[in-house]
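**Q** Pasting a structure below so you can have a look.
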Amino acid sequence: GAFVIGARRRALNRRHPLPIVMYVSAIAAMLVGGALGALVGAGRIDDVDTYLGLRRAHMVLNVMGWVSLTITGTLITFLPTVLRIRMPSWHGAWTMIALIAGVAIVSAGLALGADAVAAAGGVVYLAGVASVIWMVGRAAGAPRAWPVPTAAKHLMASVVWFASGSLATAVALARGGAGFDGFRQGFLAMLVGGWALQTLLGAWQYLLPMARPGHPD
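Written out as structure tokens, the structure reads:
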């Protein structure tokens with residue numbers, strides 16, 4: 002039995018390696034972002050511009066990298082599972098490349114004080130977000146025999162937060178580092194309080210009822 006389960010998992014990973022790559026990239030973003038946070042928090046950076054640049058990059062790596070890449074990598078398979086449909090075909094590889102490259106370009110641009118580079122990264126990241134929206138739309142429009150559960154509604158609403166927050170972030174990055182600083186509270190509210198929190202609500206709505214007997218409803 003364990004052999005069969007292992008074989009099925011290996012076959013699944015060969016067919017859908019995107020979540021694995023995105024999880025590894027999310028871990029890398031967390032490690033680099035955490036290192037930058039420790040460096041900034043140590044109070045050993047005297048130059049104000051360097052301090053602000055590293056703080057901006059730390060926030061991007063943790064929110065747009067660690068949090069968002071993890072959620073997106075999970076949503077790829079989790080949303081079709083909640084909707085009880087087959088995974089729709091989509092440009093997953095391009096989406097993964099755009100999101101990962103976008104995080105890297107934005108964080109590098111902010112850390113180095115290169116506003117044009119950071120703004121370009123915001124556009125690249127936004128292209129990946131648009132592809133995620135397209136995938137969610139295909140999943141939502143797929144034929145199914147059951148109504149859309151509350152958990153799926155939470156997950157799809159969280160993608161709206163993801164899209165609007167990423168668009169607003171791209172606009173803020175186009176205004177330079179100072180513009181991004183001015184959007185700091187909105188960045189956290191939309192991508193953490195909206196995108197991450199509502200994803201958790203959807204996941205809990207689906208997973209927690211499985212821990213007790215009775216129908217999930």
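Quick note on our numbering: the sequence shown kicks off at 2 and runs consecutively.
Note that the Cβ used here is the ideal one computed from N, Cα and C, for glycine as well.
Report, in whole angstroms, the separation of the C-beta atoms of residue 70 and residue 23, which I expect to be a contact under 8 Å.
**A** Yes, they are in contact, since the Cβ atoms of residue 70 and residue 23 sit about 5 Å apart, within 8 Å.
**Q** Under the rule that 16 or more other beta-carbon atoms within 10 Å means buried, what is residue 10, buried or exposed?
**A** Summary for residue 10: the model assigns pLDDT 45, below 50, so the residue's position carries little reliability; its value from the coordinates is reported in the next sentence. Exposed, since its Cβ has fewer than 16 Cβ neighbours within 10 Å.
**Q** Mind reading off the beta-carbon distance from residue 201 to residue 140? Whole number of angstroms is fine, and I expect it under 8 Å.
**A** Going by Cβ atoms, the distance from residue 201 to residue 140 rounds to 19 Å, so no, they are not a contact pair.
**Q** Compare the C-alpha of residue 155 against each of 89, 26 and 203 and name the closest.
**A** Ranking the options by Cα distance to residue 155, first place goes to 203.
**Q** How would you call residue 167, buried or exposed, if buried means at least 16 neighbouring beta carbons within 10 angstroms?
**A** That one is buried.
**Q** Taking all protein chains shown into account, do 16 or more other C-beta atoms lie within 10 angstroms of the C-beta of residue 13, making it buried, or fewer, making it exposed?
**A** For residue 13, the predicted model reports a pLDDT of 44, less than 50, meaning its position is unreliable and no value from the coordinates is stated.
**Q** Helix, strand or coil for residue 90, going by three-state DSSP, please let me know.
**A** Three-state DSSP puts residue 90 in coil, outside helix and strand.
**Q** Within this structure, are the beta carbons of residue 60 and residue 188 separated by less than 9 Å?
**A** Cβ atoms of residue 60 and residue 188: closer than 9 Å.
**Q** Do the CB positions of residue 133 and residue 73 come within less than 9 Å of each other?
**A** Their beta carbons are under 9 Å apart, which means residue 133 touches residue 73 by this criterion.
**Q** Please name the residue in 176, 157, 211 and 99 whose C-alpha comes closest to that of residue 80.
**A** Nearest of 176, 157, 211 and 99 to residue 80, Cα basis: 157.
**Q** Roughly how many whole angstroms lie between the Cα atoms of residue 86 and residue 107?
**A** Cα-Cα distance, rounded: 35 Å.
**Q** Let me confirm a value: residue 148 is counted as buried when at least 16 other C-beta atoms fall within 10 Å, else exposed. Which label applies?
**A** Under this definition residue 148 is an exposed residue.
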